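Asker: Okay, handing you the structure first.
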Amino acid sequence: MKWKEAILNLKPYQPGRSIEEVKKAYGLEQITKLASNENPFGCSEKAKDVMKNYGNSLALYPDGYATVLRSAVSEHLGVQEQELIFGNGSDEIIQVISRSLLYPGVNTVMATPTFPQYKHNAVLEGAEIREVPLVDGEHDLDSMLGAIDENTSVVWVCSPNNPTGRYVPQNVLVDFLNKVPEQVLVVLDEAYYEYVDAQDYPDTIKLLGQYKNLMVLRTFSKIYGLASYRVGYGAAHSELISRLDPAREPFNTNTIGQFAAAAALEDQEFIAYCHEMNKKGLAQFYDFCEKEGLKYYPSQGNFILIDVKGPGDEAFQFLMEKGYIVRSGNALGFPTSIRVTVGSPEQNEGVIRQLTEFLTSNK
Ligand SMILES: *Cc1c(COP(=O)(O)O)cnc(C)c1O
Numbered sequence: 001m002k003w004k005e006a007i008l009n010l011k012p013y014q015p016g017r018s019i020e021e022v023k024k025a026y027g028l029e030q031i032t033k034l035a036s037n038e039n040p041f042g043c044s045e046k047a048k049d050v051m052k053n054y055g056n057s058l059a060l061y062p063d064g065y066a067t068v069l070r071s072a073v074s075e076h077l078g079v080q081e082q083e084l085i086f087g088n089g090s091d092e093i094i095q096v097i098s099r100s101l102l103y104p105g106v107n108t109v110m111a112t113p114t115f116p117q118y119k120h121n122a123v124l125e126g127a128e129i130r131e132v133p134l135v136d137g138e139h140d141l142d143s144m145l146g147a148i149d150e151n152t153s154v155v156w157v158c159s160p161n162n163p164t165g166r167y168v169p170q171n172v173l174v175d176f177l178n179k180v181p182e183q184v185l186v187v188l189d190e191a192y193y194e195y196v197d198a199q200d201y202p203d204t205i206k207l208l209g210q211y212k213n214l215m216v217l218r219t220f221s222k223i224y225g226l227a228s229y230r231v232g233y234g235a236a237h238s239e240l241i242s243r244l245d246p247a248r249e250p251f252n253t254n255t256i257g258q259f260a261a262a263a264a265l266e267d268q269e270f271i272a273y274c275h276e277m278n279k280k281g282l283a284q285f286y287d288f289c290e291k292e293g294l295k296y297y298p299s300q301g302n303f304i305l306i307d308v309k310g311p312g313d314e315a316f317q318f319l320m321e322k323g324y325i326v327r328s329g330n331a332l333g334f335p336t337s338i339r340v341t342v343g344s345p346e347q348n349e350g351v352i353r354q355l356t357e358f359l360t361s362n363k
């Protein structure tokens with residue numbers, strides 16, 4: 001077969017192990033999954049109600065324009081409807097951007113380690129990949145600027161960055177945007193935007209009016225607790241959106257997802273609650289790390305990267321056998337760390353207790 005050369009070296013995405021799989025393997029009754037940065041409190045009741053009402057429209061194709069959701073997001077953000085593109089998760093928007101702007105002969109700049117889908121899609125499209133190491137868990141935007149040349153097509157900035165939880169402050173971002181050539185698209189992936197607490201975090205939607213080469217990505221998979229419905233979106237200048245739109249599948253977001261997301265947006269009380277609980281959860285982990293003398297990155301997301309002073313794989317395995325699924329940092333570019341999603345207070349306590357036991361048994 002005449003395979004695209006790039007696909008021959010790619011491996012499929014390795015998901016965290018499923019709850020059922022782990023239960024069976026270790027004879028456990030209860031499993032706590034803190035591996036994929038999902039919301040431990042689920043989603044808004046308003047979104048759940050949607051399920052009941054739209055269950056009978058399954059035979060019809062979804063609204064390809066996502067009219068109701070588009071109107072809700074447009075109002076929520078204060079942007080025009082034609083400044084939005086919706087995707088089957090923001091993962092799909094990353095794919096659409098890559099299909100449209102990456103090809104052999106151009107290059108794309110990103111941090112490392114960061115969210116792996118930027119690189120994965122760039123490899124598939126045959127573009128040259130320029131990875132710029134993080135400094136103290138943060139994007140090194142000066143070096144990323146240095147990596148840009150006349151063949152650069154897309155620059156990816158993940159803020160807060162997955163897996164470190166660090167972010168790009170307002171003044172640093174604006175300085176960067178002022179220096180990036182205007183023919184280069186800057187994608188700002190804000191999957192964890194609603195968890196951010198930092199006072200100097202930029203109001204990125206406001207920046208869209210000023211920078212026609214900026215695109216902001218957000219998702220309903222994280223704080224909105226709708227990961228299984230697969231709804232994400234991009235916001236950018238309408239010219240950019242209309243260029244990208246043909247690369248999107250016509251019915252890429254599903255009916256229930258569209259209505260559940262629109263309903264979830266109305267319940268900002270739930271979002272504020274999850275934000276507060278996440279802050280408290282992070283404090284639990286910070287306290288633990290301080291007490292145990294473990295290095296960690298203060299996080300603006302709903303996860304924390306903790307250096308366990310030994311192979312992350314071992315900590316991961318130990319925790320899994322006790323019923324806690326986290327991510328080993330080994331696969332994420334931090335071999336002596338684990339990435340733990342912040343859970344409910346009890347879940348956090350539980351994983352901290354097991355982690356303490358792991359550290360004691362390793363002394
Ligand atoms: C989870 C995540 C996404 C993908 O979210 P979906 O909308 O579910 O596809 C994108 N970017 C980052 C950094 C993420 O952590």
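FYI, the numbering for the sequence shown is 1 to 363, going by UniProt numbering.
Just so you know, even glycine gets a beta-carbon here, dropped at the ideal spot from N, CA and C.
Computed from a predicted model, the values in this text were never measured in an experiment.
#1: In chain order, what residues of the same chain have a beta carbon less than 8 Å from the beta carbon of I19, not counting five sequence neighbours either side?
#2: Under the three-state reduction of DSSP, which class applies to P104: helix, strand or coil?
#3: Would you please state the rounded distance, in angstroms, between the beta carbons of H139 and Y195? I believe it to be under 8 Å.
#4: Run the CB neighbour count on S337, radius 10 Å, all protein chains shown included, and call it buried at 16 or more, exposed below.
#5: Nearest by alpha-carbon distance to A260: which of M1, Q14, Y54, N37 is it?
#6: Is it true that the segment 161–168 meets the segment 96–114, where meeting means three or more beta-carbon pairs spaced less than 8 Å apart?
#7: Please classify A72 as buried or exposed, where buried requires at least 16 neighbouring CB atoms within 10 angstroms.
#8: Please list the terminal residues of the continuous alpha helix (DSSP H) segment that includes R218.
#9: Determine the burial state of F358: buried for a count of at least 16 other Cβ atoms within 10 Å of its Cβ, exposed for fewer.
#10: Would you kindly work out how many angstroms separate the C-alpha atoms of R230 and Y192, rounded to a whole number?
#11: DSSP beta-bridge partners for I85?
#12: Buried or exposed: which applies to G281, given that a residue is buried once 16 or more other Cβ atoms fall within 10 Å of its Cβ?
#13: Hey, would you say the C-beta of A147 is under 7 Å away from at least one heavy atom of ligand 1?
#14: Taking the Cβ atom as the reference point for each residue, do S90 and G301 lie within a distance shorter than 8 Å?
#15: Is it buried or exposed for A59, if we count other Cβ within 10 angstroms and need 16 for buried?
#16: Which of helix, strand or coil does DSSP assign to E276?
#17: Assign Q354 to buried or exposed, taking buried as 16 or more other Cβ atoms, counted over all protein chains shown, within 10 Å of its Cβ.
#18: If I'm right that L226 touches V186 with Cβ under 8 Å, what's the distance once you round it to whole angstroms?
#19: Leaving aside the five residues before and after P250 along the sequence, list all residues of the same chain whose C-beta is less than 8 Å from its C-beta, in chain order.
#20: Where does E20 fall in DSSP's three states?
#21: Can you tell me where the alpha helix (DSSP H) holding R166 begins and where it ends?
#22: Taking 7 Å as the cut-off, is the CB of C43 close to at least one heavy atom of ligand 1?
#23: Give the straight-line distance between the Cα atoms of S36 and Y211, rounded to the nearest whole angstrom.
#24: Based on Cα-Cα distance, which residue from V308, I271, F270, H120 lies nearest to N285?
#25: Can you tell which of I223, N88, E314, H120 has its C-alpha closest to the C-alpha of residue 379?
#26: To the nearest angstrom, how far is it from the Cα of Y13 to the Cα of V351?
#27: Report the residue from N362, A6, V22, D197 whose alpha carbon sits nearest the alpha carbon of A283.
#28: Going by the C-beta, is S100 closer than 7 Å to any heavy atom of ligand 1?
#29: Using the rule of at least 16 other Cβ atoms within 10 Å of the residue's Cβ for burial, across every protein chain shown, is L188 buried or exposed?
#30: With three or more beta-carbon pairs closer than 8 Å as the criterion, would you say the segment 313–325 touches the segment 170–180?
#31: Give the DSSP bridge partners of L305, in chain order.
#32: Kindly list the residues whose CB is nearer than 6 Å to the CB of E321, restricted to its own chain and excluding five residues on each side of it in sequence; keep chain order.
#33: Within the present structure, is the beta-carbon of G232 separated from the nearest heavy atom of ligand 1 by less than 7 Å?
#34: For A263, I'd like the list of residues in its chain whose CB is within less than 6 Å of its CB, leaving aside the five on either flank, ordered along the chain.
#35: Out of V123, W156, F220, E150, point me to the one whose CA is closest to M144's CA.
#36: Going by beta carbon distance, what residues of the same chain come within less than 8 Å of G333, once the five residues before and after it are set aside?
Answerer: A quick look at the data gives this:
#1: For I19, the CB contacts under 8 Å within the same chain, skipping 5 residues up- and downstream, are I31, K33, I325 in chain order.
#2: Residue state, collapsed to three classes: coil.
#3: Contact flag wrong, Cβ pair sits at about 18 Å.
#4: When all chains shown are included, S337 counts as buried.
#5: Out of M1, Q14, Y54, N37, the CA that lies nearest to the CA of A260 is found in Y54.
#6: The segment 161–168 is in contact with the segment 96–114.
#7: A72 is buried by the Cβ-count criterion.
#8: Note, R218: premise wrong, no alpha helix (DSSP H); beta strand (DSSP E) at 214–219.
#9: So F358 counts as buried.
#10: Each residue's Cα considered, the two are about 15 Å apart.
#11: Its beta-bridge partners are G234.
#12: Classification of G281: buried, given that the 10 Å Cβ count is 16 or more.
#13: Not so, every heavy atom of ligand 1 lies at least 7 Å from the Cβ.
#14: With a cutoff of 8 Å on beta-carbon distance, S90 and G301 are scored as not near each other.
#15: Result: exposed.
#16: Residue state, collapsed to three classes: helix.
#17: The residue is buried, with at least 16 neighbouring Cβ atoms inside 10 Å.
#18: Not quite, the Cβ-Cβ distance comes to about 27 Å (not below 8 Å), so this is no contact.
#19: Only G64 meet the Cβ criterion.
#20: Correct three-state label for E20: helix.
#21: Segment: none, R166 is in no alpha helix (DSSP H) and carries neither H nor E.
#22: Not under cutoff, so the answer is no.
#23: Y211 has its alpha-carbon roughly 32 Å from the corresponding atom of S36.
#24: Checking the displayed sequence, the identity of residue 285 turns out to be Phe instead of Asn. Measuring from the Cα of F285, the nearest candidate turns out to be V308.
#25: Lying before the first or after the last residue shown, residue 379 is absent from the chain, which here runs from 1 to 363.
#26: Taken atom to atom, the span from the alpha-carbon of Y13 to that of V351 is near 26 Å.
#27: Considering only alpha carbons, the answer is D197.
#28: Checking every heavy atom of ligand 1 against the Cβ of S100, none is found closer than 7 Å.
#29: L188 is buried by the Cβ-count criterion.
#30: The way I'd put it, the segment 313–325 doesn't touch the segment 170–180; fewer than three beta-carbon pairs between them come closer than 8 Å.
#31: Under DSSP, L305 takes part in a beta bridge, and its partners are R339.
#32: Same-chain partners within the cutoff: Y26.
#33: Yes, since a heavy atom of ligand 1 falls inside the 7 Å radius drawn around the Cβ of G232.
#34: Only K46, A47, V50 meet the Cβ criterion.
#35: The option with the nearest alpha carbon to M144 is W156.
#36: Hits under 8 Å: T112, P113, P163.
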